[in-house]
Amino acid sequence: MNRMTRLVLASGAGLALALTASPAVAAPPSDSRSNPAQVEHVEYSFPNGSSYEYRGATRVTDEGYYTTNTRDQMTVQNDGGTVSTFDYKTHYMLNDKVTKMNSTSTFTEDGDTCRSGSRTVTTNGETRTHSSQSSC
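Mapping the sequence shown onto my numbering, position 118 (from 1) lands on 137, and the numbers just tick up by one.
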């Protein structure tokens with residue numbers, strides 16, 4: 020499987036996860052007025068040197084404004100001593116009229132880097148902007 024195919028597959032999996040985590044099913048943020056955001060952080064390390072890290076922050080205001088930012092980072096120690104890295108970031112914003120979704124992915128293997136990104140803006144239920152780009 021070539022590098023661009025792996026980037027597209029990994030990005031698609033991350034995007035599907037982000038889109039299925041809708042505000043209706045997302046865990047609610049803290050009720051504290053001083054810190055109305057819910058913050059998540061998970062790290063895993065494996066004996067072979069591979070690692071995974073996830074960071075996320077979700078915030079909902081009384082005015083109905085919902086925003087979430089996430090980042091997944093993974094480093095894989097491949098057979099033969101090569102290293103692959105993957106970095107996936109999303110920003111999702113929702114209010115009563117507008118939904119915005121931005122995502123970027125970076126995949127590096129054997130010194131070669133591939134990047135992809137997408138942006139979608141929906142206003143009153145109609146997609147106004149959708150763009151995506153990728154390069155290796």
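The C-beta atom is built at its ideal place from N, Cα and C for all residues, glycine as well.
All figures in this text were calculated on a predicted structure; none of them were measured in a lab.
Spatial distance of residue 82 from residue 141 (CA atoms): 19 Å
One or two residues paired with residue 131 in a DSSP bridge: 128
Whole-angstrom distance between residue 71 and residue 147, CA atom to CA atom: 35 Å
Check whether residue 111 and residue 85 have beta carbons under 9 Å apart: yes
Residue 63 (DSSP reduced to helix, strand or coil): strand
Buried versus exposed call for residue 79 [16 or more other C-beta atoms within 10 Å across all chains shown]: buried
Residue ranges of each beta strand (DSSP E) within the stretch 80–107, 3 or longer: 85–96
For residue 121, the residue or residues it bridges with in DSSP: 110 and 138
Check whether residue 122 and residue 93 have beta carbons under 9 Å apart: no
DSSP state of residue 75 mapped onto helix, strand, coil: strand
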